[in-house]
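Counting with the numbering used here, you get residues 410 to 492 for the letters of the sequence shown.
Working notes, beginning with the structure itself.
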Amino acid sequence: MNRPQLKALLSSLLLPLLLLVSATGAMLYFGKTGMILGFRRASLLRFHARCSLGFLFFILCHVALNFRIYLAELKKPAKRNRR
């Protein structure tokens, strides 16, 4: 798999994981006790933690693959202010 395909795959995986982490986080926040939409709180918490770790892993991979682009974007405003 070449670099652009890998970047596209990572970006495509980030959105569903963001939605899962957000949804399970909201369910845990608003459903304080007992069952939440048919899930036990403990199992939902484990699922949320695993999704969060996966999300963090893909974010770190995304940043590593795009680090040169980030640096170039940070340098642009500095060059504009010198003029």
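Every residue gets a Cβ at the ideal spot worked out from N, C-alpha and C, and that includes glycine.
Just so you know, these numbers come straight off a predicted model, no measurement behind them.
Would DSSP call M410 helix, strand or coil?
Looking up residue 410 in the sequence shown gives position 1. Looking at M410 - three-state DSSP - the assignment turns out to be coil, as it is neither helix nor strand.
So what does M444 bridge to, in DSSP terms?
Sequence index remark: in the sequence shown, residue 444 carries index 35 (1-based). Within the DSSP secondary-structure output, M444 pairs in a beta bridge with R449.
Would you call the CB atoms of L428 and H471 closer than 8 Å?
Residue mapping note: residue 428 aligns to position 19 of the sequence shown, counting from 1. Residue mapping note: residue 471 aligns to position 62 of the sequence shown, counting from 1. No, the Cβ-Cβ distance between L428 and H471 is not below 8 Å.
Cβ contact check for the segment 431-448 and the segment 463-481: 3 or more pairs under 8 Å:
No contact exists between the segment 431-448 and the segment 463-481.
By the 10 Å Cβ neighbour count, where 16 or more other Cβ atoms means buried, how is A453 classified, buried or exposed?
As a working note, residue 453 is residue 44 in the sequence shown. The residue asked about is misnamed: residue 453 is Leu in this sequence, not Ala. A buried status is given to L453, since no fewer than 16 other beta-carbon atoms sit within 10 Å of its beta-carbon.
Beta-carbon separation (whole angstroms), C460 vs L419, contact threshold 8 Å
As a working mapping, residue 460 is identified with position 51 in the sequence shown. As a working mapping, residue 419 is identified with position 10 in the sequence shown. Here C460 is actually not in contact with L419; their C-beta atoms are around 16 Å apart, not less than 8 Å.
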